[in-house]
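Here is the structure we will look at.
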Ligand SMILES: [Fe+2]
Ligand SMILES: [Fe+2]
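In the working numbering, the protein residues as written are 2 to 165.
And the structure:
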């Protein structure tokens, strides 16, 4: 899939999220290596699109594409820099999914699938497993992106994220 297809799908389902001031503020917070939370979230959404496409083409599995993209874009919407020590975000790994969920439900209307995706994306570190297939895909996509961003200190989706 080329970049313009990813951009088109992201814009179709997530333009309001991508261009919102709080989401834009994620550009200043680093996530892994030199990759910002914003780029990591776009990368997670693109990886979800790729996995969903494989499942559809190979296995005929239909997913809620809109929820998949919106949940992926908002999964790390915790809105702080976790590298800066602060009492308000101690044990970031354990609690940021809840914080992202609270922020996201304040700023956007979330459906059942998006809620599950955001709250459960840190499984198995957070013990309750995902309930929806979209959440399971995000769980895998997030870990794939995190691993590649940590190892290479860059994101293959950097160019796509610069568009927004
Ligand atoms: Fe996360
Ligand atoms: Fe993440």
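No residue lacks a Cβ here, since even glycine has one placed at the ideal position from N, Cα and C.
Quiz item: For ligand 2, any of its heavy atoms closer than 7 angstroms to the Cβ of residue 76?
Solution: yes
Exercise. Say whether the region 132-142 touches the region 15-30, bearing in mind that this needs 3 or more beta-carbon pairs closer than 8 angstroms, one atom from each stretch.
Key: Taking a cut-off of 8 angstroms for Cβ pairs, the region 132-142 and the region 15-30 do not touch, as fewer than three such pairs fall below it.
Quiz item: Apart from the five residues on each side of it in sequence, which residues of its chain come closer than 7 angstroms, Cβ to Cβ, to residue 112?
Solution: 68
Exercise. Let me know if residue 5 comes out buried or exposed under the rule of 16 or more other beta-carbons within 10 Å of its beta-carbon.
Key: exposed
Quiz item: Quick one, are the C-beta atoms of residue 44 and residue 136 less than 8 angstroms apart?
Solution: Contact: no.
Self-check item: Residue burial classification, residue 154 (beta-carbon count within 10 angstroms, cutoff 16)
Solution: exposed
Quiz item: Is the Cβ-Cβ distance between residue 139 and residue 76 less than 8 angstroms?
Solution: yes
Exercise. Below 8 angstroms CB to CB, which residues in the same chain sit around residue 87 once its five sequence neighbours on both sides are set aside?
Key: 81
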